[in-house]
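The block underneath contains the structure these notes are about, expressed in structure tokens.
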Amino acid sequence: MDRLWVSVLQRVFDVIDEKNEAIRKAKQSDDPEVRASARGKRITGPATKQRIRATLSTVLSDAVRQQVISVNNAGAIKLESAKRPKALVWTKQRVEAYEAKFAERLAVVRAEAGGKKVSAVRVWESAELRPSPVMVWTPVQLGAFLDVAAQHRLYALFHLIAFRGLRRGEGCGARWVDLDVDERTLAVEKQLVQIGWEFEEGAPKTEASDGVIALDTGTVAVLKEHRVRQTEDAWRGARGGRTPAASSLTRTAPSCTRRGSANCSLNSRSRRACRRSGCTTYGTVPPLWRTPPARTRRWSARCCGTARPT
């Protein structure tokens, strides 16, 4: 530990930058095999590097207090500032520009494939096609997505997040014990965090998130219907020898017994559904319910003040 000089620590981040550049070049390569080699690999951004340095600093500070070393060199590492990317709205002009880029990229990929089957969704997911890493749907786009997702296993989760602004982990961590149907409230006390293939339950990300939120009558109705279907699913799972996840509000019992199941999380490993709604970002698509919902949810778009475009 006494050999962790500034130059040694700085080299760690230089290697990270070199790997980032290699991933960028691979994703932009004209060679389809090179692009395929970078599939699923993510860039280590400024915020992550700042957290890595903070972890190093904590460890070295403890070593200083224990007199193992005399100085904490982590503070001398120079890193770029971790500014959050600016969120942009999917305006009509941005959507048209995006669709043009998408069509152009898809044509190139298909030409390179030489007649082989090409996944348009893979191309559509490409982050570099979007104007910003953080893009915001309009009410029309949100309504269109909810209409398409009406028979989706996780519709209740999509609806809850859309109407009440929960974070993904908070929505996945919601429990039935936290829901008060009579008072139409939901206590946000837990969130799920995915670490590799495992999930950990913990407190919400910020203190401001830890509280009680009010629910509209439409959201309560959606959650009630989801509870009925979840109970039916849990019963089928129990008959098949699987353990139901009865305490979870949004997870479905049989699917959550599989490690890394798409029904337990909204991660990039799941198949994409949102393209069917005409939106420019994506949602997940686990299997549908065994029976369709009792009613259509076209009102979901109208609640946003819009109707789904035809």
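Per full-length UniProt numbering, the very first residue in the sequence shown carries number 1; after that it's consecutive. Each residue gets a CB set at the ideal place from its N, CA and C atoms; glycine is no exception.
Neighbourhood of residue i by C-beta, 6 Å cutoff - its chain only, sequence neighbours within 5 removed
| i | result |
| --- | --- |
| S265 | Low confidence applies to S265: its pLDDT is 42, below 50, so where it sits in the model is not reliable, and the reading given next is rough at best. Cβ neighbours of S265 beyond the five flanking positions: Q194. |
Close-in-space but distant-in-sequence residues of the same chain around residue i (CB under 7 Å, 5 per side omitted)
| i | result |
| --- | --- |
| T252 | Summary for T252: the model assigns pLDDT 44, below 50, so the residue's position carries little reliability; its value from the coordinates is reported in the next sentence. R153, Q230, D233, N263. |
| A74 | L9, R53, L56, S57, L60 |
| P204 | E170, V188, Q191, D210 |
| A38 | I23, A26, K27 |
Residues of its chain near residue i, where Cβ-Cβ distance is below 8 Å and the 5 sequence neighbours each way are ignored
| i | result |
| --- | --- |
| L288 | Note that L288 scores a pLDDT of 40, beneath 50, so its modelled location is shaky; the value from the coordinates is reported in the next line. Same-chain partners within the cutoff: Q151, H152, R153. |
| G211 | A187, V188 |
DSSP bridge partner residues for residue i (one or two, in chain order)
| i | result |
| --- | --- |
| F199 | Q194 |
| I213 | L186 |
| L179 | L186 |
| H226 | Beta-bridge pairing links H226 to no other residue. |
| V95 | In DSSP, V95 forms no bridge with anything. |
| E88 | Looking at the sequence itself, residue 88 is Leu, so the reference to Glu does not match. Partner(s): M135. |
Inter-residue CB distance, residue i and residue j (contact presumed, cutoff 8 Å)
| i | j | result |
| --- | --- | --- |
| I77 | R51 | 13 Å between Cβ atoms; not a contact. |
| A214 | R184 | 6 Å |
| E156 | V222 | What sits at residue 156 in the sequence shown is Ala, not Glu. About 5 Å; that satisfies the 8 Å criterion. |
| V181 | V148 | No, V181 and V148 are not in contact; Cβ-Cβ is about 27 Å, not under 8 Å. |
| F13 | K41 | Between K41 and F13 the Cβ distance is about 18 Å, and since that is not below 8 Å, they are no contact. |
Reference residue i; option with closest CA among the options
| i | options | result |
| --- | --- | --- |
| E207 | L146, W5, A187, E198 | A187 |
| T138 | E112, D30, T91 | T91 |
| S81 | A26, G45, L160 | G45 |
| L129 | Q28, R236, L4, K19 | Q28 |
| A47 | K83, H159, D2 | K83 |
| G173 | G202, E198, G165, R164 | G202 |
| Y98 | D17, W235, A127 | A127 |
| L79 | A22, E33, D17 | D17 |
| A111 | D31, D2, F199 | D31 |
heavy atom of the ligand MN below 6 Å from residue i C-beta
| i | result |
| --- | --- |
| G45 | Inclusion of the ligand MN in the displayed structure is not the case, the ligand content being empty and no account of it being possible. |
Open item on the list: I want to know whether the segment 132-139 touches the segment 86-95 - three or more CB-CB distances under 8 Å.
Closed with: yes
Open item on the list: Could you check whether the segment 98-109 touches the segment 119-129, counting it as contact only if at least three pairs of C-beta atoms, one from each stretch, sit closer than 8 Å?
Closed with: yes
TODO: State whether the segment 56-73 contacts the segment 4-16, with contact taken as three or more CB pairs (one from each stretch) at a distance under 8 Å.
DONE: yes
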